[in-house]
Amino acid sequence: MYVAVKGGEQAIARAHRWLADRRRGDRERPELEVAQIGDQLRLAVDRVMSEASLYDPELAALAFKQASGDLTEAVFLLRAYRTTLPRLAVSEPLDTAGMRIERRISATYKDVPGGQILGPTYDYTHRLLDFLQLAGAEVPPAETRDDVTDAEPCPQILELLNDEGLVEQAIDDGSEPMDITRDPPDYPMDRAARLQMLARGDEGYLLALGYSTQRGYGRNHPFAGEIRLGQVEVEIHVDEWDETICVGEIALSECQMINQFGGSREAAPQFTRGYGLAFGHNERKTMAMALVDRALRAEELGEPISGPAQQAEFVLAHADSVDASGFVSHLKLPHYVDFQSELDLLRRLRREHAARQAELDSARDTASPQPEER
Amino acid sequence: MTCTSRGARQRLLALSSRQHIEARWGSLGRLPGHRCLRGPETGMAMLKGRIGATGNAFHLGEMTLTRASVALDDGTVGHGWVRGRDHRHAELIALADAVAQHAAWQEALETQVLAPLADELAARQRRDAATAAATRVDFFTLVRGE
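Sequence lines, in order, name chains A and B.
With the first sequence counted from 1, adding 360 to any position gets you the numbering used here.
With the second sequence counted from 1, adding 140 to any position gets you the numbering used here.
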């Protein structure tokens, strides 16, 4: 039960002013610019865009600054802003095969057309703190390979290397996907709707669930078939033109996981797949998403449902950090009346308990043998 | 003179930065006056992905999108769309769309705005590709004697 509580306006105003002061920090140092965040803390920006489900690097950087670096708060800010905008268009499905590649690796095939491109990765770093960064050392520019005149085509590996039909194919049957921002989720949910929910899901949560499948709670034997990061052009339909039009580029991360076999009496055994796609450079997120996507296909693939990651309603209903932090945070709201009624109840229960106890004691007293009189 | 198609022009201008377009736009000289018919206004586009990159579509999330429609003084209408929230960028694309419909401006637009922007875009994409290629793994165990 909630009741309106008046008062505290001045305290709130002063608390917010202190917050802004803390955020600004030492006035001797220059203030952090939003453009610097977009430029130098881009992985945080990408995570905010991905979980807020709105691609706008500048606003995600602003949200990150405004939230003093609290990613969950920043996601909430950007998600809230999203509700103020009208939807002007729907895109054509993004063509990740046509991605301008910044990174592309496969853990299943070494020698692939287009090659293995490491890109700007933290892999192979020694995870030793770099004290040169503390000292503000100059950073040399990235190297380029001058014999490259044009990007070599990088076809989707799973499409390319599947002559034998060993890997399950993803084929478009033309069905229109559900949109969870328009229609409330309803279980059981199809794979397209599940992926929309996972795409905005909290990375830490998905990472933990993906990890749980590797540790045996719904094991599905994954291999990273292909991971790619890069720029993809966005094409939309508009009423004014017959053809679709390109309105710009966005950064995307994609993970194609290959998992152990499925098959049936009719279909020969083949590798199954899990899929992850996210805004920006969000490799770990897409890997976790692909693991969870595959785990959630348990029923479809006739597997026993034994792990938490395979339970769609549990996984999906708790994946959104805005929902989760909202409901947890509401515990901070005044519950004075609610708590008062609990206190009253508790006092009554204790009175009743004491009365029962006294009754028992007196019953014991009468039942117990009296000391013999001499 | 090659003539950029309407779709290719919209794409080129959407992929070019507003600063780059503005820098070239001045060279067109005095353009006819215009008024905004719609916008510029910012909203969102819902982006779709495909399950497994080739399968059924799903909704990935939204992005900010700005659109503008302009009418030149003689009534010629142009439209422009661009990712993000830059109103001037969308308006410039719409203006280019309108101006391109006039024979008198077409050539100047092609040679002084679109062609240099196409060169800049190609150079940027080549540079990106060369940077990525520098991190390509050469598996020395795969080198065969030649």
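Beta carbons: idealized from backbone N, C-alpha and C, even for Gly.
Since the model is a prediction, treat every value here as computed from it, not as a measurement.
query: Minimum C-alpha distance to threonine 216 of chain B - residue among B:Phe279, B:Ala230, B:Asn196 and B:Ala240; result: B:Ala240
query: Rounded distance between the beta-carbons of alanine 270 of chain B and arginine 505 of chain A, thought under 8 Å; result: 5 Å
query: For methionine 141 of chain B, the three-state DSSP class (helix, strand or coil); result: Any answer about methionine 141 of chain B is weak, because its pLDDT of 49 lies below 50 and its placement is not dependable; what the coordinates show is given next. Looking at methionine 141 of chain B - three-state DSSP - the assignment turns out to be coil, as it is neither helix nor strand.
query: Nearest-angstrom beta carbon gap, alanine 638 of chain A and threonine 646 of chain A [assumed within contact, 8 Å]; result: 5 Å
query: Own chain, CB closer than 6 Å to tryptophan 221 of chain B, minus 5 neighbours either side, in chain order; result: Arg207
query: Inter-residue Cα distance where the pair is glutamate 603 of chain A and glycine 147 of chain B; result: 8 Å
query: Contacting residues, own chain, Cβ-Cβ under 8 Å from leucine 520 of chain A (five flanking each side not counted); result: Val472 and Pro473
query: Beta-carbon contacts of glycine 623 of chain A that lie in its chain and below 7 Å, excluding the five residues immediately before and after; result: Pro629 and Gln630
query: CB contact check: isoleucine 161 of chain B to chain A, cutoff 8 Å; result: no
query: From B:Leu254, B:Ala211, B:Lys188 and B:Glu181, residue whose alpha carbon lies closest to that of glutamate 536 of chain A; result: B:Lys188
query: As assigned by DSSP and simplified to three states, the class of histidine 376 of chain A; result: helix
query: Cβ neighbour criterion (16 or more within 10 Å) applied to serine 145 of chain B; result: exposed
query: Tyrosine 635 of chain A vs glycine 201 of chain B beta-carbon contact at 8 Å; result: no
query: Integer-rounded CB distance, given that phenylalanine 280 of chain B should sit under 8 Å from lysine 470 of chain A; result: Rounded, the Cβ-Cβ distance is 12 Å, inconsistent with contact.
query: 9 Å Cβ cut-off: residues of chain B touching aspartate 546 of chain A; result: Neighbours of aspartate 546 of chain A on chain B: none; closest Cβ ~15 Å, over 9 Å.
query: Glycine 640 of chain A beta carbon less than 8 Å from that of serine 790 of chain A; result: As displayed, chain A neither begins before 361 nor continues past 734, which places residue 790 of chain A out of reach and without an answer.
query: Bounding residues of the alpha helix (DSSP H) (the contiguous stretch that carries serine 410 of chain A); result: 402-412
query: Three or more C-beta pairs below 8 Å linking the region 166-176 of chain B and the region 371-386 of chain A; result: no
query: Of the residues A:Gly367, A:Glu411, A:Gln370 and A:Leu401, the one placed nearest methionine 736 of chain A, counting alpha carbons only; result: With chain A covering 361 to 734 only, the question about residue 736 of chain A has no answer from this structure.
query: Coarse secondary structure for glutamate 250 of chain B, derived from DSSP in three states; result: helix
query: Alpha carbon of glycine 183 of chain B to alpha carbon of proline 446 of chain A, nearest angstrom; result: 5 Å
query: Cβ neighbour criterion (16 or more within 10 Å) applied to proline 417 of chain A; result: buried
query: Inter-residue Cα distance where the pair is methionine 141 of chain B and valine 592 of chain A; result: Caution applies to methionine 141 of chain B, whose pLDDT of 49 falls short of 50 and renders its modelled position unreliable; the model cannot decide the point.
query: Inter-residue CB distance, lysine 555 of chain A and valine 675 of chain A (contact presumed, cutoff 8 Å); result: Inspection of the sequence shows that residue 555 of chain A is occupied by leucine rather than by lysine. About 12 Å separates the two Cβ atoms, so there is no contact after all.
query: Own chain partners of arginine 185 of chain B with C-beta closer than 6 Å, once the 5 adjacent residues on each side are dropped; result: First, the residue type needs correcting, since residue 185 of chain B is alanine and not arginine in the sequence shown. Met203 and Leu205.
query: Phenylalanine 583 of chain A at chain B interface by Cβ criterion, 8 Å; result: no
query: Chain A contact for glutamine 150 of chain B (CB, 8 Å cutoff); result: yes
query: Option nearest glutamine 476 of chain A by Cα separation, candidates A:His713, A:Cys514, A:Asp698 and A:Thr456; result: A:Cys514
query: 8 Å Cβ cutoff, methionine 141 of chain B in contact with chain A; result: Note that methionine 141 of chain B scores 49 on pLDDT, short of 50, meaning its location in the model is unreliable and no value can be drawn from it.
query: Closest Cα partner of alanine 427 of chain A within the set A:Val688, A:Thr444, A:Val408 and A:Ser413; result: A:Val408
query: Bridge partner(s) assigned by DSSP for alanine 208 of chain B; result: B:Gly220
query: Sequence-distant residues of its chain with Cβ nearer than 8 Å to proline 256 of chain B (five each side left out); result: Arg164
query: Cβ of glutamine 252 of chain B within 8 Å of any chain A Cβ; result: no
query: Runs of beta strand (DSSP E) wholly within the region 448-490 of chain A (minimum 3 residues, chain order); result: 460-465
query: Cutoff 8 Å: aspartate 532 of chain A Cβ touching any chain B Cβ; result: yes
query: Cβ of alanine 684 of chain A within 8 Å of any chain B Cβ; result: no
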